[in-house]
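Undergrad: Position in the sequence shown (first residue = 1) + 3 = this note's numbering.
Virtual Cβ for every residue (Gly too), placed ideally from N, Cα, C.
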Amino acid sequence: MNLVFLGPPGAGKGTQAVGVCEKYNLPHISTGDILRGEIKQQTKLGLEAKKYMDAGQLVPDEVVIGIVASRLTQPDCQNGFLFDGFPRTLPQAEALAEKVEIQMAVNIDVPDENIINRLSGRRVCKSCGATYHVDNHKGQTCDSCGGELIQRTDDAPETVANRLKVYHEQTSPLIDFYQSKGVLKSVDGTRSIDEVFAEICAILDKEFSK
Ligand code: ADP
Ligand code: AMP
C-alpha cells in the first residue's frame, strides 16, 4: 500500500495515520514531524525550516522533496508507506510520482470553520508527539508516555489563518491531481475520530483486497 493522506491542517491526518499505520503495518511518514525533529536537534535544515513553519508558510519544495527522497530509501518503505502532510504542492506531487506509484490518496474533508477549533485546541506531547484535543483530554500530561502536553507555535490563531490560505492556494489542487489519476478517495472528516477511522479502513480493505 503506497498511500497519501490529503486534507487541510487540522483535518485529522496525523490522528488517523497513527491507527492506520498500526493496523496495516506501514511506516508513518509525516514531513511535519521530520521537520520538527530537525528543529529540535537544531540542525541547519531545521533552523532554516523553522522560519517558514512559524510563519505558516510551506518549506521550499526542494528541501521537502530531498527529505522524502532520502526517507524512501529506508528498508521499511519497501512494502508500502503512508505519507501524512506530503505532498503539499503540485511540484512535490510530480516529484513523488517520478519515484513511486501512489495507489491511493485519501482526502480527509473538513471545512475551514471546523479547523479553527481543531487547531486552537490541539495539544501535542513534547516527548512522543502524541496528539490530543482539549475538548476530549483533560490534564497536561500524555496518556501514553506521561510527557508534557504543549501547544504548537504554528497553532496560534494568526498563523492558522495563513496556513489555511496556503492550503487553499497550494495544496487543495492536489485533490484534482489525484482524482485525474483515478486514485482519490474522500472521507467526511467532520465525523468522530472512530467513525473516520472505520470509513478509511473500509475503503482500504475494499481497495486492497482486489
Ligand atoms: P492534521 O495532522 O491533519 O494537522 P491532527 O490529526 O493533528 O490534524 O488533528 C488536529 C486536531 O483535531 C487534534 O487536536 C485532534 O485531536 C483533533 N481531531 C482529529 N480528528 C478529529 C475528529 N474526527 N473529530 C474531532 N477532533 C479531531
Ligand atoms: P504539519 O505537521 O503537517 O501540520 O506541518 C507543519 C509545517 O511544516 C507546515 O505548516 C509547513 O511549514 C511544514 N511542512 C510540512 N510538510 C510540508 C511539505 N510537504 N511541504 C512544505 N512544507 C511542509
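Tell me the start and end of each unbroken alpha helix (DSSP H) in the region 99-143 that is at least 4 residues and wholly inside, in chain order.
TA: 115-123, all fully within the region 99-143.
Undergrad: Could you compute how far the alpha carbon of I206 sits from the alpha carbon of V190?
TA: Between I206 and V190, the C-alpha separation is close to 9 angstroms.
Undergrad: Hey, P30 and L93: beta-carbon distance below 8 angstroms or not?
TA: Cβ distance not < 8 angstroms, so P30 and L93 don't count as in contact.
Undergrad: Quick one: give me the first and last residue of the beta strand (DSSP E) that K188 is part of.
TA: First-last of the beta strand (DSSP E) with K188: L187 to D191.
Undergrad: Ligand 1 heavy atoms versus the CB of K141: any closer than 7 angstroms?
TA: No, Cβ of K141 sits at least 7 angstroms from all heavy atoms of ligand 1.
Undergrad: Along the beta strand (DSSP E) that carries V7, what are the first and last residues, could you check?
TA: Unbroken beta strand (DSSP E) run through V7: N5 to L9.
Undergrad: Using 8 angstroms as the Cβ pair cut-off and three pairs as the minimum, do the region 24-38 and the region 71-80 touch?
TA: Counting Cβ pairs under 8 angstroms, three or more are found: they touch.
Undergrad: If we require 3 or more residues per run, which beta strand (DSSP E) segments fall completely within the region 147-174?
TA: Counting whole runs of 3 or more residues, the region 147-174 contains no beta strand (DSSP E) stretch at all.
Undergrad: Since I believe V186 is in contact with I105 (beta carbons under 8 angstroms), could you give me their beta-carbon distance rounded to a whole number of angstroms?
TA: Between V186 and I105 the Cβ distance is about 6 angstroms, and since that is below 8 angstroms, they are a contact.
Undergrad: Look up S212 in the DSSP assignment and say whether it is helix, strand or coil.
TA: DSSP places S212 in coil when its eight states are reduced to three.
Undergrad: Quick one: is the Cβ of D157 within less than 7 angstroms of any heavy atom of ligand 2?
TA: Yes, the beta carbon of D157 sits closer than 7 angstroms to at least one heavy atom of ligand 2.
Undergrad: Can you tell me which of the three DSSP states S183 falls into?
TA: Reduced to three states, the DSSP call for S183 is helix.
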